[in-house]
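**Student:**
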Amino acid sequence: MLGAWLTRGLVMAVVHAAAMTLLAKWSVFHPTGQTLFTSLAIAVLVGVAALWSAIDGWRGLRDRGRAWFIASLVAGVCSGILYVIGRAIFVDQTGVSELGAALTGGAAFSALLVLVPAGLGLFVGGRIRRPAEDADADSEPEPDDEDEDGTGSRSGELELPPSPTPREEKPPAEKPKPSPVSRQAANRARRRPTVAGRSPAPRNR
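Counting from 997, one number per residue, gives the positions in the sequence shown under our numbering.
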């Protein structure tokens, strides 16, 4: 992020300062023919910002909007300082008195010449990039949806739960057979007559 806006801001500041210095130099030798040269210089400045930002939008640069916004502010301030230095060296030896105007009106104009075409370029670059992304997304096969246990079953298919394992049924417990002695005692009790109101007395063996 830091390198993105710093690089763009400094490069655009150098380009703007060079263009304004050339305009000042041209106005000295051709005071009446400035319209065409000024239009060409503005077109070049707008084209550079728009093309660079469109490439950033097409590449999908992270935080490109913020990077170009900060870069426009940096370009406006730095281009004003560089313009005063370049004009003092190559044109008419301008002093520090021109620095105030360059850092106010000149810096604001340079910042707008960077910010407006950069916003347009980011919009166009993003619109160009979206159809390509959609085509790539359509061409890629859809990955299989994996379950929580990692079995990899596809979405849309109904997966039946595993059938429970049948339990082994235990055979019913057999009733204990009565012994022959108990059978004989039961038969004797049935055969013995009983008196009304009295229970049969046990027989002594």
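Every residue gets a Cβ at the ideal spot worked out from N, C-alpha and C, and that includes glycine.
Remember, it's a predicted structure, so these values are computed and weren't measured experimentally.
1) Throw me the rounded Cβ distance for the Ala1071 and Ala1107 pair, which I believe falls under 8 Å.
2) Which value, in whole angstroms, describes the spacing of the CA atoms of Gly1152 and Asp1059?
3) Sort Phe1119, Phe1086, Tyr1079 by Cα distance to Phe1025 and report the nearest one.
4) When the Cα of Gly1121 is compared with those of Gly1061, Leu1095, Gly1101, which residue comes out closest?
5) Can the beta-carbon of Gly1102 be found closer than 8 Å to that of Gly1082?
6) For a minimum of 4 consecutive residues, which ranges assigned as the alpha helix (DSSP H) are wholly contained in the region 1060 to 1096?
7) Between which two residues does the alpha helix (DSSP H) carrying Gly1101 extend?
8) Identify whether Thr1031 lies in helix, strand or coil by the three-state DSSP scheme.
9) I believe Val1110 touches Met1016 by the beta-carbon criterion, under 8 Å. Please report the beta-carbon distance rounded to the nearest angstrom.
10) What separation, rounded to the nearest whole angstrom, lies between the Cα atoms of Gly1005 and Val1112?
11) Indicate the three-state DSSP secondary structure (helix, strand or coil) for Ser1005 in the structure shown.
12) Compute the Euclidean distance between the alpha carbons of Val1011 and Glu1094, then round it to the nearest angstrom.
13) Would you say Ala1020 and Trp1064 are within 8 Å of each other, going by their C-beta atoms?
14) Suppose you measure from the CA of Ser1049 to the CA of Arg1055; what does that come to, to the nearest Å?
15) Count the other CB atoms within 10 Å of the CB of Ala1039; is the residue buried (16 or more) or exposed (fewer)?
16) Quick one: is Ser1035 buried, meaning 16 or more other Cβ sit within 10 Å of its Cβ, or exposed?
17) Which same chain residues, not among the five before or five after Leu1118, have their C-beta less than 8 Å away from its C-beta?
18) For Ala1014, which of Ala1037, Thr1028, Gly1096 has the nearest alpha-carbon?
19) Can you give me the Cβ contacts of Ala1000 inside the same chain, cut-off strictly under 6 Å, excluding the 5 residues immediately before and after it?
20) When you compare each of Ala1097, Ser1068, Gly1029 to Val1042 by their alpha carbons, which one comes out closest?
**Tutor:** For this structure:
1) In the sequence shown, counting from the first residue as 1, residue 1071 sits at position 75. In the sequence shown, counting from the first residue as 1, residue 1107 sits at position 111. Contact holds; Cβ gap of about 6 Å.
2) Indexing the sequence shown from 1 puts residue 1152 at position 156. Indexing the sequence shown from 1 puts residue 1059 at position 63. The pLDDT assigned to Gly1152 is 47, lower than 50, so where the model puts this residue is not dependable, and the model offers no usable value.
3) Translated into positions along the sequence shown, residue 1025 becomes position 29. For the residues Phe1119, Phe1086, Tyr1079, the minimum Cα distance to Phe1025 belongs to Phe1086.
4) Residue 1121 sits at position 125 when you count from the first residue of the sequence shown. Cα-wise, what sits closest to Gly1121 is Gly1061.
5) Here residue 1102 refers to the residue found at position 106 of the sequence shown. Here residue 1082 refers to the residue found at position 86 of the sequence shown. Cβ distance not < 8 Å, so Gly1102 and Gly1082 don't count as in contact.
6) 1060 to 1086
7) Translated into positions along the sequence shown, residue 1101 becomes position 105. Per DSSP, Gly1101 belongs to no alpha helix (DSSP H) and is neither H nor E.
8) For the purposes of this step, residue 1031 is identified with residue 35 of the sequence shown, where counting begins at 1. Helix.
9) For this step, residue 1110 is matched to residue 114 along the sequence shown. For this step, residue 1016 is matched to residue 20 along the sequence shown. With a Cβ gap of about 13 Å, Val1110 and Met1016 do not count as contacting.
10) Within the sequence shown, the letter at position 9 stands for residue 1005. Within the sequence shown, the letter at position 116 stands for residue 1112. One C-alpha to the other measures close to 14 Å.
11) Within the sequence shown, numbered from 1, the residue matching residue 1005 stands at position 9. Note on identity: in this sequence residue 1005 is Gly, with Ser being the wrong assignment. Three-state result, Gly1005: helix.
12) The count along the sequence shown starts at 1 and reaches residue 1011 at position 15. The count along the sequence shown starts at 1 and reaches residue 1094 at position 98. So the alpha carbons of these two residues sit roughly 19 Å apart.
13) As a working mapping, residue 1020 is identified with position 24 in the sequence shown. As a working mapping, residue 1064 is identified with position 68 in the sequence shown. The answer is no: Cβ separation not under 8 Å.
14) In the sequence shown, counting from the first residue as 1, residue 1049 sits at position 53. In the sequence shown, counting from the first residue as 1, residue 1055 sits at position 59. Those two C-alpha atoms are separated by around 10 Å.
15) As a first step, residue 1039 must be located in the sequence shown, where it is residue number 43. By the neighbour-count rule (16 or more Cβ atoms within 10 Å), Ala1039 is not buried but exposed.
16) Within the sequence shown, numbered from 1, the residue matching residue 1035 stands at position 39. It is exposed - the Cβ of Ser1035 has fewer than 16 other Cβ atoms within 10 Å.
17) As a working mapping, residue 1118 is identified with position 122 in the sequence shown. Taken in chain order, the residues that qualify are Ser1049, Ala1050, Asp1052, Gly1053, Arg1060, Gly1061, Trp1064.
18) Counting from one through the sequence shown, the residue named residue 1014 turns up at place 18. When each option's Cα is compared against that of Ala1014, the closest is Ala1037.
19) If you number the sequence shown from 1, residue 1000 lands on position 4. Closer than 6 Å at the Cβ level, and outside the excluded window around Ala1000, lie Ala1063.
20) Counting from one through the sequence shown, the residue named residue 1042 turns up at place 46. Taking only the C-alpha atoms, the option nearest Val1042 is Ser1068.
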